[in-house]
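Numbering (the numbering used here), first residue to last: 47 to 306. In this text, a Cβ means the ideal position worked out from N, Cα and C, and glycines have one as well.
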């Protein structure tokens with residue numbers, strides 16, 4: 047009898063472990079963005095922010111025409127406290143973490159950086175990008191690091207994630223309200239899944255601050271077995287975002303606050 051009890055207990059424990067692993071893997075495959083922003087002292091203390099205004103549409107988005115009339119998912123994109131996250135100073139400066147020369151697995155890290163660059167180059171067709179070597183001057187930083195565990199709304203337990211995009215508001219040297227983004231990509235992802243995560247998160251950083259309900263779009267809310275490239279719907283949504291007013295890219299009113 048004792049042997050049977052032990053055997054039954056082992057079977058239940060084994061099933062429990064399998065379920066736990068499956069749940070963890072599902073959680074890791076979620077691509078999410080942080081809806082909260084960091085504010086520098088100048089922005090937090092500012093009594094008044096710039097008015098909502100539109101910027102000229104970037105040239106490549108002006109030229110973009112969707113011959114297939116695929117539609118968009120603009121209704122899923124929510125403005126932030128400063129309006130839509132639009133880059134008005136082009137090209138957008140991008141930093142991709144590179145391995146140190148003395149790192150023992152430098153080749154693998156260099157391969158990681160190359161795969162990430164291949165993915166985000168796809169977005170360069172629609173908005174001009176410039177790779178920089180200094181993270182301090184970058185508009186968007188892409189780092190090889192696992193996102194921290196966070197508890198999502200309506201959930202009780204923290205969820206592991208494969209990628210995360212966050213943004214920070216600050217006032218630049220010309221007293222213009224600006225933002226910068228950081229993207230964390232899990233070191234455990236490789237190949238097409240790494241590229242899919244980079245492509246997805248970079249879409250967030252470019253201004254698509256939301257998710258598509260269509261699995262054929264790069265900004266679909268979850269990872270799929272065969273990740274898609276940037277779709278016409280993705281570009282249509284990006285174009286509509288850049289047609290919206292924003293407080294970003296405009297002079298901070300008043301003379302009370304000094305920028306860094």
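C-beta contact flag for residue i and residue j at 8 Å
i, j, result
"residue 137", "residue 102", "no"
"residue 221", "residue 95", "no"
"residue 165", "residue 271", "no"
"residue 161", "residue 265", "no"
"residue 139", "residue 176", "yes"
"residue 232", "residue 208", "yes"
"residue 89", "residue 215", "yes"
"residue 287", "residue 130", "yes"
Top-ranked residue by Cα proximity to residue i, from the options
i, options, result
"residue 194", "229, 181 and 161", "229"
"residue 122", "250, 215, 298 and 271", "250"
"residue 225", "168, 113, 165 and 183", "183"
"residue 391", "192, 97, 146 and 132", "Past the edges of the chain, shown from 47 to 306, lies residue 391, and the structure says nothing about it."
"residue 116", "234, 276 and 297", "276"
"residue 141", "126, 159 and 128", "159"
"residue 178", "186, 191 and 190", "186"
"residue 217", "295, 112, 111 and 129", "295"
"residue 285", "172, 212, 235 and 125", "172"
"residue 211", "235, 243, 282 and 223", "243"
"residue 300", "279, 223 and 227", "223"
"residue 234", "248, 109 and 192", "192"
"residue 125", "213, 153, 238 and 108", "213"
"residue 227", "253, 287 and 237", "253"
"residue 237", "154, 263 and 279", "154"
"residue 219", "256, 297 and 180", "297"
"residue 128", "105, 106, 110 and 97", "97"
"residue 262", "279, 157 and 255", "279"
Helix, strand or coil at residue i according to DSSP, with G and I counted as helix
i, result
"residue 154", "helix"
"residue 210", "strand"
"residue 11", "Outside the shown range of the chain, which is 47 to 306, sits residue 11, and nothing can be said about it."
"residue 216", "strand"
"residue 166", "helix"
"residue 74", "Annotation note: pLDDT 34 at residue 74 (below 50); position unreliable, coordinate value reported separately. Reduced to three states, the DSSP call for residue 74 is helix."
"residue 121", "helix"
"residue 272", "coil"
"residue 67", "With a pLDDT of 35 at residue 67, under the threshold of 50, the predicted position of this residue should be treated as unreliable, though the coordinate-derived value follows. The answer is helix: DSSP assigns residue 67 an H, G or I state."
"residue 283", "helix"
"residue 112", "coil"
"residue 253", "coil"
"residue 234", "coil"
"residue 181", "helix"
"residue 309", "A question about residue 309 goes unanswered here, because the residues of the chain that appear run from 47 up to 306."
"residue 385", "Absent from the structure is residue 385, since the part of the chain shown begins at 47 and ends at 306."
"residue 146", "coil"
DSSP bridge partner residues for residue i (one or two, in chain order)
i, result
"residue 187", "141 and 228"
"residue 176", "139"
"residue 222", "297"
"residue 99", "292"
"residue 266", "258"
Cβ separation of residue i and residue j, assumed to be a contact under 8 Å, to the nearest whole Å
i, j, result
"residue 99", "residue 291", "5 Å"
"residue 273", "residue 119", "With a Cβ gap of about 17 Å, residue 273 and residue 119 do not count as contacting."
"residue 190", "residue 143", "5 Å"
"residue 248", "residue 169", "6 Å"
Any non-hydrogen atom of the ligand GTP closer than 7 Å to residue i Cβ
i, result
"residue 139", "The ligand GTP is absent from the structure shown, which contains no ligands of any kind."
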